[in-house]
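This report refers to the structure that appears directly beneath it.
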Amino acid sequence: MKKPKSWLKGGLLLGSVFLVAVWLVKPVGVSTQFVVLDGIVWNLLSPDLISQNDASQAYESSNAYLNKSGGKYASLVANPLNYGFIFALSMLVGGFVSGKLSRKKISNEDRISPKVWRDRFGASAKKRYAFAFFAGFLALFGARLAAGCTSGHMMSGMMQTSLSGYLFAAGAFATAIPIAILVFNSKRSS
Amino acid sequence: MKIILAIILGLAFGIALDQAKASYPQKIIGMLHLKDFHLMKVILFSIGFSSLLLFILLSLNLIDAGHLSVKTTYAGVIIGGAILGAGFAIGGYCPGTCVVAAGRGRKDALAFLAGGLLGALVYMLIFGLIKDAALFDKIAGGAVSLAETNPEKYTSLSGNLPALLVAGPIAILFMLIAFFLPEGTES
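Read top to bottom, the protein sequences are chains C and H. Using our numbering, the letters of the first sequence correspond one by one to residues 22 to 211. Using our numbering, the letters of the second sequence correspond one by one to residues 710 to 896.
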């Protein structure tokens, strides 16, 4: 049975984490860590990606993005045991722990695709994975262009009344709502 | 110490996102095609609630204003947001929730995560070509907020008005919308 005001519980829980994070350390953000992980793998394959300036000790990169803002990202790639990266890895563990805490388990078919997707596109796992991959590509490309995602811009940003947070949210919902309606409200294709 | 905090806070954030069902693609798509507003209520309430407490604590000097981080505003924020929105709608995940959902054992979240790694990599590769574009020109002075946050680093659009007087009503408005928005049909 559905508990009354479960949204309130979720909102209080989530809001508390956003608050405690900024109280103890800094606002929550995630999408940078995709760059850090890419950088770590890239740096393993070609170790000359990141270098350290002998004089200033600052990290530099042959990649313009990693090198920007005084090698901020290059430094994160060179030192993967940093706050943001460990935070993101812990989120993965958090999802696992939450599953253990939940009485309701996720069905095998829900592990592949949500019901709203199956009702529209059928149960093919390959099709769902292909579109989820494409969707992830768009989401992270967009998040990097915006320099933040739903966590950093939308939630943490609007919490601080950042102008960028409101504009990011407006941009995101301006495409997300029409696309979701277009994709999921039409009749099932055969 | 910071690493221990990263472990605890990341764990808490992952659990909170999953318990709030923010990592359920069914719930995200349900919200975006305007059927099931559970998550909209969660999001609006959590922003309003955390914001109200943040600005109360700031006004009492109980939070170090140096912890705040107001991001720069430029056209790319809106365009990037719009591109992310497309992925959000098709996939039913965002960059944070796909990590949590993958931990919960959702396989489509892993596909989204893998696509995300490629999307971020392609952005890294083309950044050198677009970095001087007008897309990155600051809007309204760049790192600005509606309420005063940290005057040493960021500009406030409300001048010298007490921050709580500006942020408080906005936060309460968010919470009120969360309360009065209909639940929709549970999906």
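By construction, the Cβ of each residue, glycine as well, lies at the ideal position given by its N, Cα and C atoms.
Limits of the unbroken alpha helix (DSSP H) element including residue i
i              : result
Q181 (chain C) : Note, Q181 (chain C): premise wrong, no alpha helix (DSSP H); not H, not E.
Y94 (chain C)  : A85 to A99
G163 (chain C) : A146 to A167
P878 (chain H) : A872 to F889
T53 (chain C)  : T53 to L66
S37 (chain C)  : S27 to L45
L720 (chain H) : K711 to Q728
R139 (chain C) : K136 to F142
G105 (chain C) : Y104 to L122
E11 (chain C)  : Given a span of 22 to 211 for chain C in the structure shown, any question on residue 11 (chain C) remains unanswerable.
Endpoints, the beta strand (DSSP E) within which residue i is located
i             : result
Q73 (chain C) : I71 to Q73
S82 (chain C) : Y80 to S82
Selected residue, minimal CA-CA separation from residue i, among the options
i              : options                           : result
G877 (chain H) : H:A810, H:G868, H:F888 and H:I765 : H:I765
C170 (chain C) : C:A193, C:Y150 and C:V204         : C:A193
L33 (chain C)  : H:A715, H:L748 and H:Y733         : H:L748
N770 (chain H) : H:L834, H:L830 and H:T858         : H:T858
S52 (chain C)  : H:G775, H:V808 and H:V751         : H:V808
F162 (chain C) : H:T894, H:L826 and H:A880         : H:L826
G31 (chain C)  : C:S119, C:G178, C:I133 and C:G60  : C:S119
I724 (chain H) : C:L110, C:Q73, C:A151 and C:F158  : C:L110
I200 (chain C) : C:A156, C:G91 and C:S177          : C:A156
A190 (chain C) : H:K840, H:A829, H:A795 and H:G814 : H:A795
D59 (chain C)  : C:S90, C:P101 and C:P48           : C:P101
F758 (chain H) : C:A195, C:S177 and C:I198         : C:S177
G814 (chain H) : H:I716, H:P734 and H:L866         : H:P734
A99 (chain C)  : C:Y86, C:S90, C:Q73 and C:K126    : C:Q73
L87 (chain C)  : C:A76, C:M112, C:L29 and C:F55    : C:F55
R124 (chain C) : H:I835, H:Q728 and H:K744         : H:Q728
L203 (chain C) : H:L743, H:I772 and H:I716         : H:L743
G173 (chain C) : C:K93, C:W28 and C:V43            : C:V43
Min CB distance residue i to chain H below 8 Å
i              : result
S211 (chain C) : The pLDDT assigned to S211 (chain C) is 45, lower than 50, so where the model puts this residue is not dependable, and the model offers no usable value.
Q181 (chain C) : yes
R124 (chain C) : no
K93 (chain C)  : no
K136 (chain C) : yes
S172 (chain C) : yes
S77 (chain C)  : no
L35 (chain C)  : yes
P252 (chain C) : For residue 252 (chain C) there is no data in the structure shown, the boundaries of chain C being 22 and 211.
F205 (chain C) : yes
D69 (chain C)  : no
L45 (chain C)  : yes
L40 (chain C)  : yes
L84 (chain C)  : Inspection of the sequence shows that residue 84 (chain C) is occupied by Asn rather than by Leu. N84 (chain C) counts as touching chain H.
I202 (chain C) : yes
S72 (chain C)  : no
S111 (chain C) : yes
Beta carbon proximity, residue i to chain C, threshold 8 Å
i              : result
S768 (chain H) : no
T894 (chain H) : no
L870 (chain H) : no
D727 (chain H) : yes
G877 (chain H) : no
A829 (chain H) : yes
K816 (chain H) : yes
F889 (chain H) : no
I886 (chain H) : no
V873 (chain H) : Checking the sequence shown, residue 873 (chain H) turns out to be Leu, not Val. No, L873 (chain H) lies away from the interface with chain C (no Cβ there is under 8 Å from its Cβ).
P734 (chain H) : yes
L882 (chain H) : no
I738 (chain H) : yes
Cross-chain neighbours of residue i in chain B, by beta carbon under 9 Å
i              : result
V118 (chain C) : Among the chains of the structure shown, chain B does not appear; the protein chains present are C and H.
Report the residue ranges of all alpha helix (DSSP H) runs contained in full by the segment 735–802 of chain H; include only those spanning at least 4 residues, in chain order.
-> For the segment 735–802 of chain H, whole alpha helix (DSSP H) runs of length 4 or above, ordered along the chain, are 747–768 and 784–800.
Beta strand (DSSP E) segments (min. 3 residues) lying fully within the segment 802–866 of chain H = Whole beta strand (DSSP E) segments, 3+ residues: zero.
Assess, as a yes-or-no matter, whether the segment 180–193 of chain C is touched by the segment 780–792 of chain H under the definition of 3 or more beta carbon pairs within less than 8 Å.
-> Because the criterion of three Cβ pairs below 8 Å is met, the segment 780–792 of chain H and the segment 180–193 of chain C touch.
Spell out a yes or no on whether the segment 792–812 of chain H and the segment 149–163 of chain C are touching, meaning 3 or more CB-CB pairs, one atom from each, closer than 8 Å.
-> Contact between the segment 792–812 of chain H and the segment 149–163 of chain C is present, because at least three Cβ pairs lie under 8 Å.
Does the count of Cβ pairs from the segment 726–742 of chain H and the segment 135–147 of chain C closer than 8 Å reach three?
-> At 8 Å Cβ cutoff, the stretches touch.
Within the chosen definition, does the segment 717–732 of chain H reach the segment 32–49 of chain C through at least 3 CB pairs nearer than 8 Å?
-> Below 8 Å, enough C-beta pairs join the segment 717–732 of chain H and the segment 32–49 of chain C to call them touching: three or more.
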